[in-house]
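**Student:**
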Amino acid sequence: MRRTLFAPALSLLLVVLGVTAGAQTPPGAATGRPPQTSTGLRVNVPLPASDAVLRADLKKLLTEAVPHALASDPAKLAQVNADIEQFKTRTGIDARDFDTVTVGARIVQLPSGAMKVTNAVAIARGTFRPDTVISAARAAAKGGFSEQKYGGLSVYVINVNDKIKVFGLAKMHVTDLALAVLDQTTLAVGEPAAVRGAIDAMGGRGRVDQALLNAVQTPDLVAFAGSVPPGAFAGLETGLPNVDRAVASIRAFHGAVAQTPAGFLLTTVLRTQTASDAKQLFDTAQALRQVAPGLISMAGEKGKFAQRAINNLKLTTKGDEVQLQLDMPQGDIAELLRVL
Numbered sequence: 111m112r113r114t115l116f117a118p119a120l121s122l123l124l125v126v127l128g129v130t131a132g133a134q135t136p137p138g139a140a141t142g143r144p145p146q147t148s149t150g151l152r153v154n155v156p157l158p159a160s161d162a163v164l165r166a167d168l169k170k171l172l173t174e175a176v177p178h179a180l181a182s183d184p185a186k187l188a189q190v191n192a193d194i195e196q197f198k199t200r201t202g203i204d205a206r207d208f209d210t211v212t213v214g215a216r217i218v219q220l221p222s223g224a225m226k227v228t229n230a231v232a233i234a235r236g237t238f239r240p241d242t243v244i245s246a247a248r249a250a251a252k253g254g255f256s257e258q259k260y261g262g263l264s265v266y267v268i269n270v271n272d273k274i275k276v277f278g279l280a281k282m283h284v285t286d287l288a289l290a291v292l293d294q295t296t297l298a299v300g301e302p303a304a305v306r307g308a309i310d311a312m313g314g315r316g317r318v319d320q321a322l323l324n325a326v327q328t329p330d331l332v333a334f335a336g337s338v339p340p341g342a343f344a345g346l347e348t349g350l351p352n353v354d355r356a357v358a359s360i361r362a363f364h365g366a367v368a369q370t371p372a373g374f375l376l377t378t379v380l381r382t383q384t385a386s387d388a389k390q391l392f393d394t395a396q397a398l399r400q401v402a403p404g405l406i407s408m409a410g411e412k413g414k415f416a417q418r419a420i421n422n423l424k425l426t427t428k429g430d431e432v433q434l435q436l437d438m439p440q441g442d443i444a445e446l447l448r449v450l
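If you're matching positions, the sequence shown starts at 111 in the numbering used here and goes up one per residue.
1. Can you tell me which of Y260, A344 and F277 puts its alpha carbon nearest to the alpha carbon of G307?
2. Looking only at C-alpha atoms, which of L398, A290 and D204 sits nearest to Q417?
3. Just verifying my parser: in three-state terms, what is the DSSP assignment at N271?
4. Can you tell me the Cα-Cα spacing of A179 and A372, whole angstroms?
5. In the DSSP output, which residue or residues are listed as bridge partners for P158?
6. Does R216 have its Cβ less than 7 Å from a Cβ in chain D?
7. Please confirm if the segment 175 to 189 is in contact with the segment 245 to 260, defined as three or more CB-CB distances below 8 Å between the two stretches.
8. Identify every run of the beta strand (DSSP E) within the segment 320 to 358, keeping only runs that are complete inside it and at least 3 residues long; order them along the chain.
9. Excluding the five sequence neighbours on either side, which residues of its own chain have a C-beta within less than 6 Å of the C-beta of V125, listed in chain order?
10. Within the chosen definition, does the segment 166 to 175 reach the segment 320 to 334 through at least 3 CB pairs nearer than 8 Å?
11. Compare the beta carbon distance of V379 and R361 with 7 Å and say whether it is the shorter of the two.
12. My parser needs the beta strand (DSSP E) runs of 3 or more residues fully inside the segment 275 to 303; what are they?
13. Would the beta-carbon of V213 fall within 7 Å of that of V190?
14. Need the endpoints of the beta strand (DSSP E) that R381 sits in, please.
15. Taking the alpha-carbon positions, what's the V284 to Q320 distance?
16. Please report the distance separating the alpha-carbon of V227 from that of T295.
17. Please return the same chain residues whose Cβ sits closer than 7 Å to the Cβ of G341, not counting the five positions on each side in sequence.
18. CA-CA distance, V231 and L292?
19. Looking at the strands, I want to know which residues DSSP matches up with V264.
20. Can you tell me which of the three DSSP states G365 falls into?
21. Quick one: what does DSSP say A181 is sitting in, helix, strand or coil?
22. For P158, count the other beta carbons within 10 Å of its own beta carbon; 16 or more makes it buried, fewer makes it exposed. Which is it?
23. Can you tell me the Cα-Cα spacing of R239 and A246, whole angstroms?
24. Only counting the same chain, and skipping five residues up and downstream in sequence, which positions put a Cβ closer than 8 Å to that of K273?
25. Select from Q258, Y266 and G300 the residue whose C-alpha is nearest the C-alpha of V276.
26. State the DSSP-derived secondary structure class of K226, mapped to helix, strand or coil.
27. Going by other Cβ atoms of all chains shown within 10 Å of its Cβ, with 16 needed for buried, is A234 buried or exposed?
28. Pull up the distance between the alpha-carbon of D286 and that of R200, whole angstroms please.
29. Could you tell me if E431 is buried or exposed, where buried requires 16 or more neighbouring beta carbons within 10 angstroms of its beta carbon?
30. Is it the case that the Cβ atoms of K198 and D207 are separated by a distance below 7 Å?
31. In terms of DSSP beta bridges, what is A215 paired with?
32. For K424, which three-state DSSP category applies?
33. Tell me the rounded alpha-carbon separation between A395 and S386.
34. Return the first residue and the last residue of the beta strand (DSSP E) that P439 is part of.
35. Once you ignore the five residues that flank D193 on each side, which residues in its own chain have a CB closer than 6 Å to its CB?
36. Could you pull the start and end residues of the alpha helix (DSSP H) that P240 belongs to?
Structure representation (structure tokens):
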């Protein structure tokens with residue numbers, strides 16, 4: 111059945127803009143090309159082959175950005191801290207022990223045509239005591255804990271089978287959560303197969319594309335990049351062949367979230383197959399902005415936030431790329447965090 115809706119396309123646009131929600135213009139934003147990083151920032155992160163990569167300055171997020179955004183809402187700030195504590199209680203992992211987290215994942219298409227993010231693993235780096243983390247994880251699991259050997263390292267698997275906020279930030283349903291101490295400052299956390307993939311990557315096997323990894327090694331609060339597997343958008347149909355072709359032509363993306371004196375700046379660049387596809391995608395996004403008020407079905411604060419995001423969104427196109435830039439005032443960030 112064809113899904114002849116503009117709403118899914120608008121939702122996709124909002125997800126691209128809002129999934130990382132958070133200065134200066136990110137390096138490379140003027141040209142739309144992936145950020146160029148200094149040699150010092152090209153950190154060797156043992157991620158397995160991934161379609162999408164995200165890197166976050168976890169320390170800055172938890173100690174500066176989130177507290178600042180929620181300064182006027184102590185109740186919500188207390189809830190964020192409670193989520194961090196709950197993750198620690200359920201897994202033994204304290205997000206506050208880590209400086210950065212780099213996440214890799216695969217993008218696959220389901221038989222239904224929907225896209226799914228899978229094989230996710232987070233590589234967290236910071237100052238922690240491996241023996242303390244493992245002991246805490248074992249105690250937190252309350253019997254649902256196992257140890258496996260892989261590549262000369264121990265992989266610990268916790269049966270969670272619940273919705274939790276991973277690292278206190280990203281809410282998702284977790285069945286089995288695996289962790290492995292890669293070295294004294296590095297912990298791999300994620301799906302068991304993905305954690306084993308990180309161990310392989312540490313040994314030089316099945317590593318993520320280094321260019322993709324380099325693209326997220328920036329000084330921004332959050333940076334993300336990825337390639338879109340062919341056919342990933344095949345299940346999304348707007349009923350307009352030219353639009354379908356333009357969306358299906360998206361081949362890669364990158365962007366960043368940076369703090370500004372007034373709030374946050376989010377920049378996302380979508381690279382298409384051809385310049386004409388980029389023009390079609392740009393025209394479609396512009397048209398969606400015009401009809402957005404009639405498409406936004408979210409009520410209350412979420413709806414108000416979505417409307418302001420559409421109003422503040424700036425679109426440009428150059429060559430085979432479309433750039434989306436969104437200024438998010440401090441008040442909007444606080445409101446977004448309240449309703450998440």
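Every residue, glycine too, gets a C-beta built ideally from N, C-alpha and C. None of these values were measured; they are calculated from a predicted model.
**Tutor:** Working from what's here:
1. The option with the nearest alpha carbon to G307 is Y260.
2. Closest by alpha carbon: L398.
3. N271: strand per DSSP, three-state reduction.
4. Their backbone Cα atoms lie some 10 Å apart in a straight line.
5. DSSP output for P158 lists R317 as bridge partner(s).
6. Absent here is chain D; the protein component of the structure consists of one chain.
7. Flag = no, the segment 175 to 189 and the segment 245 to 260 do not touch.
8. Fully enclosed beta strand (DSSP E) runs of no fewer than 3 residues occupy 332 to 337 of the segment 320 to 358, in order along the chain.
9. Because the pLDDT of V125 is 37, which lies under 50, any placement of that residue in the model is unreliable, and the question is left without a value.
10. Yes, the segment 166 to 175 touches the segment 320 to 334.
11. With contacts defined by Cβ atoms closer than 7 Å, V379 and R361 do not form a contacting pair.
12. Listed in chain order, the complete beta strand (DSSP E) runs (minimum 3 residues) inside the segment 275 to 303 are 280 to 293 and 296 to 300.
13. Here V213 is not near V190, since their CB atoms are 7 Å or more apart.
14. In the DSSP assignment, R381 falls within the unbroken beta strand (DSSP E) covering G373 to R381.
15. If you take the alpha carbons of V284 and Q320, they lie about 28 Å apart.
16. For V227 and T295, the distance between alpha carbons rounds to 27 Å.
17. The residues Q219, in chain order, have a CB closer than 7 Å to that of G341 in the same chain once the five nearest residues on each side in sequence are set aside.
18. Taking the straight line from one Cα to the other gives about 13 Å.
19. The sequence as given places Ser at residue 264; Val does not occur at that position. S264 is bridged to K259.
20. The DSSP-derived three-state label of G365 is strand.
21. Looking at A181 - three-state DSSP - the assignment turns out to be coil, as it is neither helix nor strand.
22. P158 is buried by the Cβ-count criterion.
23. If you take the alpha carbons of R239 and A246, they lie about 11 Å apart.
24. Spatial neighbours of K273 in its own chain (CB-CB distance under 8 Å, excluding positions within 5 residues in sequence) are listed in chain order as K281, M282, H283 and V284.
25. Of the candidates Q258, Y266 and G300, the one whose C-alpha sits nearest the C-alpha of V276 is G300.
26. Strand, per DSSP.
27. When all chains shown are included, A234 counts as buried.
28. Going by the C-alpha atoms only, they are around 12 Å apart.
29. Buried, because 16 or more other Cβ atoms sit within 10 Å of the Cβ of E431.
30. Taking 7 Å as the Cβ cut-off, K198 and D207 do not qualify as a contacting pair.
31. For A215, which the question treats as bridged, DSSP gives the partners A162.
32. Note: K424 maps to strand in three-state DSSP.
33. Each residue's alpha carbon lies about 14 Å from the other.
34. It spans E431 to P439 - the beta strand (DSSP E) in which P439 sits, taken as one unbroken run.
35. Taken in chain order, the residues that qualify are K275 and G278.
36. Per DSSP, P240 belongs to the alpha helix (DSSP H) from P240 to A251.
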